[in-house]
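Notes for the one structure printed next.
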Amino acid sequence: MSGEALRSVDLRKVYTSRGAPAVEALSGVSMEVHRGERVALLGRNGAGKTTFLKIASTLLRPSSGSVEVFGFDIARSPEKARPYIAVVPQEGKPFFHLSPREQIYTYLRARGFSRETAKARTEDALQRMGLTDFADRLSVTLSGGQRQRTMVATVIATEAPLLFLDEPTIGMDPFARREVWASLRSLTQKGSTILLTTHYLDEAEVLSNRLYIIERGAVLVSGTSDDLKRSVGGTLKVLLPEGAAHVDRFRSFGTCVLDGSALTVIVSPSGLGELMELAVRSQLTATVGPVTLEEAFLRAVGRKIDED
Amino acid sequence: MRTEVTLPPSRPFAGTAAFLWTEVIVQSNERMAMVTSMIVPGVILVFVEILNPALISVALVGAILFSTFTMGQRVLNEAAYLRIDHKANDLYLAGPMTPEAYFLGMSFGIMIVYLAPTIFLGILAAIVVPLTLATALLLFVLAAVVWVFAASTGYVFSTFFRDNRAIWAYSSLFFNVFGVLAPVFYPLGLFPAALRPIVLLMPPSAAAALVQAAIGATTLSPGQVALAVGGLAVETVLLFAFAIYWARRTVRAD
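These protein sequence lines map, in sequence, to chains A and B.
If you're matching positions, the first sequence starts at 2 in this note's numbering and goes up one per residue.
If you're matching positions, the second sequence starts at 69 in this note's numbering and goes up one per residue.
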């Protein structure tokens, strides 16, 4: 068994269908996810995140390249890799004619857990995900967010060594999202590894140890969220609402972004003092804040789009 | 950190019983669907009783075989619905549960729940049809064979669709042509002689013809018996084996 929970090398996937041009969804993705890590896959719609997750979770054949899950090649011996994994599928739904309690319990039993373990983990998962009040209602009567919580509860109750979560908190309210985050952190503390996709950049930032941005089927950037922020020229942003006319005086401090009459300068902490002095001398009001992962993401992906 | 855990690879059929039980609960919570499964055979039995009561024994035998045959339609609809709408395949099969367990668990679960209407028809048949122990046993075995054929067909067909709406038309066409139009509810002798070899190769009508012959409602030549028995056996075994293979093959999409 290798030291990584997951390792992909030059993974490619080309979708072909009769009468339609071939679509290259992945064009050589290599990545490693270490045991106990929480790693986020970010990217625009159609970037290839779900395709990667489906291949890694043994549900889709790759065109070429390899993926190993705990050292098992998923193309050659998927049956050896499968006991190690659990998946929250994108747009998955619980059985409408099961209650959340039945859904989680029967799923655990289908995965081979004993009655006692399945029962204990079911109650734990219901409590963690705030589902106890609806635990015995048929899922058909639950809201979309409650159903999604049921799906996540079903999968986290497995405490599988490697969990694939495709947009796990979609449709959830902010309280429920935080319950999911807490549960996922708790799982990795116990030793599970998590690979998730999300369009909520705040979620990726607070939850993941590392992240990969995928754009047009390839890894564009990888590292921590701080690495990504630094890659755009600094971790702080200074907003000058009337600074656009003075842009030339601020270019030396870092990346300048114009938006109407406003100017935003991305700056490192070491350059902040000098920049603020210049703003005062220029009689400009300035607001300082941290660069968000969303801004870094938009710049990284936007730059790639511009280059292409 | 978790200590090193080495998990065994999935065993064949692992999870069958648990998924069977899941389906039993799911289907049991849809009581109206169970009631509607009686509509077609019920209506046909009423028509036969009104139009030609002499054929009610044959129609009752047909209704029993039809009810096990349409369990395959339930498998088709359920398998496609869970895969397309709920992504249940992704949830269950990316894990230690095997694809054959998923197929068999679903098929047996549906069968158990929908057995109630079949048992009701069986009780009626025991009262109305001149069944000996041997013919009753024959009917039981053939109904089981038809169920295996239908469940296998239903599961395999379910994998070809990407949209549930497209299934309804094909599903209805398939199960009505094989189960209603073919001589299942009426004697083989009323079917055009030239086309009889064809319907003797269709499992529901082949099974019906064999039971009809056993209760004296139809006369079959030795060749026809051989065709019906051979066809039923070969088609059912091959299709069941293919369904297991196909369930494993389609875990991973291309």
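We put the beta carbon where it would ideally sit given N, CA and C, even for glycine.
Source: prediction; values computed, not measured.
Proximity to residue i [Cα-Cα], best of the options
i, options, result
"G145/A", "R300/A, G93/A, H200/A, P84/A", "G93/A"
"A119/A", "T17/A, T107/A, S209/A, Q128/A", "T107/A"
"G256/B", "E98/B, L268/B, R230/B, G247/B", "Sequence inspection shows Leu at residue 256/B; the Gly mentioned does not correspond to that position. Of the candidates E98/B, L268/B, R230/B, G247/B, the one whose C-alpha sits nearest the C-alpha of L256/B is L268/B."
"E303/B", "A219/B, F171/B, A193/B, P198/B", "A219/B"
"A131/B", "Y254/B, I283/B, S289/B", "Y254/B"
"A26/A", "E275/A, N46/A, D167/A, V281/A", "N46/A"
"D322/B", "A136/A, V10/A, T256/A, A76/A", "A76/A"
"R129/A", "V141/A, S67/A, P101/A", "P101/A"
"L285/A", "L294/A, S223/A, H247/A", "H247/A"
"N97/B", "D74/A, H98/A, V88/A", "H98/A"
"T170/A", "V141/A, Q147/A, H35/A", "Q147/A"
"A237/B", "Q141/B, L113/B, L199/B", "Q141/B"
"L263/B", "I283/B, I191/B, Q292/B, F243/B", "Q292/B"
"D125/A", "V220/A, S140/A, L188/A", "L188/A"
"V297/B", "A276/B, A309/B, F308/B", "A276/B"
"K81/A", "A212/B, L161/B, L258/B", "L161/B"
"M100/B", "A184/B, A301/B, A309/B, V114/B", "A184/B"
"F308/B", "Y223/B, A122/B, S105/B, A211/B", "Y223/B"
"S239/B", "A211/B, M139/B, S175/B", "M139/B"
"T17/A", "H35/A, V10/A, P63/A", "P63/A"
Cα-Cα separation between residue i and residue j, rounded to whole angstroms
i, j, result
"A311/B", "V319/B", "12 Å"
"P265/B", "L306/B", "20 Å"
"A23/A", "G49/A", "15 Å"
"V103/B", "Q95/B", "12 Å"
"L317/A", "L88/B", "One cannot answer for residue 317/A here, as it falls past the ends of chain A, which runs 2 to 309."
"K14/A", "L128/B", "54 Å"
"R70/B", "V156/A", "Unreliable placement is indicated for R70/B, whose pLDDT of 43 sits below 50; no coordinate value is reported for it."
"L127/A", "G172/A", "18 Å"
"G290/A", "M165/B", "49 Å"
"E168/A", "H154/B", "15 Å"
"G29/A", "L240/A", "39 Å"
"E5/A", "E243/A", "50 Å"
"L295/B", "R79/B", "38 Å"
"A87/A", "G163/B", "6 Å"
"T225/A", "T199/A", "15 Å"
"T123/A", "S223/A", "36 Å"
"R39/A", "A301/A", "21 Å"
"L143/A", "T90/B", "19 Å"
"L241/B", "T227/B", "17 Å"
"V89/A", "S269/A", "39 Å"
"S271/A", "R282/A", "19 Å"
"C257/A", "G66/A", "40 Å"
"L273/A", "A263/A", "18 Å"
Residues near residue i by beta carbon distance below 8 Å, same chain, minus five either side
i, result
"S193/A", "G37, E160, A161, P162, L163, L164"
"F85/B", "For clarity, residue 85/B is Ala in the given sequence; the question names Phe instead. So the qualifying residues of the chain are G173."
"S3/A", "Note that S3/A scores 48 on pLDDT, short of 50, meaning its location in the model is unreliable and no value can be drawn from it."
"V92/B", "G177, I180, V181"
"A21/A", "none"
"Y149/B", "N232"
Check whether residue i and residue j have beta carbons under 9 Å apart
i, j, result
"L42/A", "L197/A", "yes"
"V252/B", "F137/B", "yes"
"E180/A", "R150/A", "yes"
"R178/A", "Y201/A", "yes"
"V196/B", "I107/B", "no"
"F254/A", "E275/A", "yes"
"T59/A", "R83/A", "yes"
"L54/A", "S31/A", "no"
"S135/B", "L189/B", "yes"
"A285/B", "V116/B", "no"
"V207/A", "I214/A", "no"
"E216/A", "G44/A", "yes"
"I283/B", "T203/B", "yes"
"L299/A", "D203/A", "no"
"I235/B", "F243/B", "no"
Presumed contact (8 Å Cβ cut-off) between residue i and residue j, rounded CB distance
i, j, result
"V279/B", "L205/B", "The pair is not a contact, with the Cβ atoms about 11 Å apart (cut-off 8 Å)."
"L144/B", "F225/B", "5 Å"
"G299/B", "A274/B", "6 Å"
"R112/A", "G110/B", "With a Cβ gap of about 40 Å, R112/A and G110/B do not count as contacting."
"A154/A", "I105/A", "6 Å"
Own chain partners of residue i with C-beta closer than 6 Å, once the 5 adjacent residues on each side are dropped
i, result
"N157/B", "R151"
"P272/B", "L133, F137, V214, F246, G247, V252"
"R8/A", "E33, E69"
"M270/B", "F246, A250"
Same chain, Cβ closer than 7 Å to residue i, five either side skipped, listed in chain order
i, result
"V292/A", "K230, V233, G235, T236, L237, K238, I267"
"L332/A", "No statement about residue 332/A is possible, as the shown extent of chain A runs from 2 to 309 and does not include it."
"E168/B", "P80, F81, I312, A315, R316"
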